[in-house]
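Protein chains in written order, with the numbering used here: chain H, 1 to 111; chain Z, 1 to 115.
All C-beta atoms in this analysis are idealised placements derived from N, C-alpha and C, irrespective of residue type, glycine included.
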Amino acid sequence: DAKTTQPPSMDCAEGRAANLPCNHSTISGNEYVYWYRQIHSQGPQYIIHGLKNNETNEMASLIITEDRKSSTLILPHATLRDTAVYYCIVRGTGANSKLTFGKGITLSVRP
Amino acid sequence: EAQVTQNPRYLITVTGKKLTVTCSQNMNHEYMSWYRQDPGLGLRQIYYSMNVEVTDKGDVPEGYKVSRKEKRNFPLILESPSPNQTSLYFCASSSGQGGLHQPQHFGDGTRLSIL
C-alpha cells in the first residue's frame, strides 16, 4: 500500500470549514483513499473513502486531485467535538483489510 | 445498536499470567482484526480473520494467539504476557472477506498494563 504524508497539526475556528490535506504521490490505480479519525484514545472512526471521484457523506467531503496524488478531507462546519487525530490511509484490494495508520494530523477546533 | 465490544476495558496484571481479551460484534461481519497502538508507532495489526476458522498473522503476531470459532467472537489470547505487551488494543470488524472496500468498525479499546 502507498504511503501517505500529512502535516502534524492544524487548527480551525468552530463553525468554519476544516480542510485537511494528504499527499499520496505513489498511489497506484487500484488503491483507495480512506480517512479515519481517533478522538483521544477511543477506537478509530471511519469517515469516508474514495477512489478517484469526489465523495460526500453526512460527516465530510473527500476531494481527490485528478492525478490522485493528493486529497483533502473537508469538514464543512467544524465543532469542538471534531478535535481529533485524522488519518489518511491508502489501501489496495488485497485480501487482508489491514489499515496502515501513520501519525495522522491533529486537528484542534478552537471556540 | 451496531457495535464492537471489547472486554475488559482496562487490565493491570503480572508477567506470565495468561489473559484473554474478548471481542464481540453484532453486525454479522466476516472480517475481524486486532491492532495494538503504541506511542510513536501508530496502530499495528496483530492478527486477522477472514471468516470462521480462518485466521492469519498480521505485522506483530509474536506473543499472541487468536481463535475464531464463531462469527461474532474473536478473542485475543496472551499465553504468557510480558511487559512489552503493555499497550492499547483495538478490535475491528467489517463486512465482506477483506477484499471489499467496507469500512472497519472499531471497539473502544482495551488498555493492558503488564507489570
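| Item | Value |
| --- | --- |
| Terminal residues of the beta strand (DSSP E) in which ALA18 (chain H) lies | 18–23 |
| Partner residues on chain H for ASP38 (chain Z), Cβ-Cβ distance less than 8 angstroms | Correct list: empty, because the minimum Cβ distance to chain H is about 11 angstroms. |
| Distance CB(THR110 (chain Z))-CB(ARG9 (chain Z)) smaller than 8 angstroms | yes |
| Coarse secondary structure for LEU80 (chain H), derived from DSSP in three states | helix |
| Touching by the beta-carbon criterion (3+ pairs, under 8 angstroms), the region 40–51 of chain Z and the region 73–92 of chain Z | yes |
| Of the listed residues Z:ASN84, Z:LEU19, Z:LEU11 and Z:ASN26, nearest to SER94 (chain Z) (C-alpha basis) | Z:ASN26 |
| GLN38 (chain H), DSSP secondary structure in three states | strand |
| C-alpha gap between MET50 (chain Z) and ARG110 (chain H), whole angstroms | 42 angstroms |
| Boundaries (first-last residue) of the beta strand (DSSP E) holding HIS49 (chain H) | 45–50 |
| C-alpha distance - ASN96 (chain H) paired with ALA78 (chain H), whole-angstrom precision | 33 angstroms |
| Beta-carbon separation (whole angstroms), ILE74 (chain H) vs ASN23 (chain H), contact threshold 8 angstroms | The Cβ separation is near 16 angstroms, so there is no contact. |
| Reduced DSSP secondary structure (H/G/I, E/B, other) of ASN84 (chain Z) | helix |
| For VAL60 (chain Z): DSSP bridge partner residues | None; VAL60 (chain Z) has no bridge partner. |
| Opposing strand residues paired with ALA92 (chain Z) [DSSP bridges] | Z:SER33 and Z:PHE106 |
| CB contact below 8 angstroms: GLN6 (chain H) versus chain Z | no |
| Check whether GLY43 (chain H) and PHE74 (chain Z) have beta carbons under 8 angstroms apart | no |
| Residue-level contact to chain Z via CB, LYS98 (chain H), 8 angstroms cutoff | yes |
| Any chain Z beta carbon closer than 8 angstroms to GLY29 (chain H) | no |
| For ARG111 (chain Z), the residue or residues it bridges with in DSSP | Z:TYR10 and Z:LEU88 |
| SER24 (chain Z) to TYR35 (chain Z) span [Cα, whole Å] | 15 angstroms |
| Chain Z contacts made by the region 13–44 of chain H, where a contact means CB separation under 9 angstroms | TYR32, TYR34, TYR36, GLN38, SER41, GLN42, GLY43 and PRO44 |
| Proximity winner among Z:GLY40, Z:VAL66, Z:VAL54 and Z:ASN28, relative to GLU79 (chain Z) (alpha-carbon distances) | Z:VAL66 |
| Contacting residues, own chain, Cβ-Cβ under 7 angstroms from GLY29 (chain H) (five flanking each side not counted) | none |
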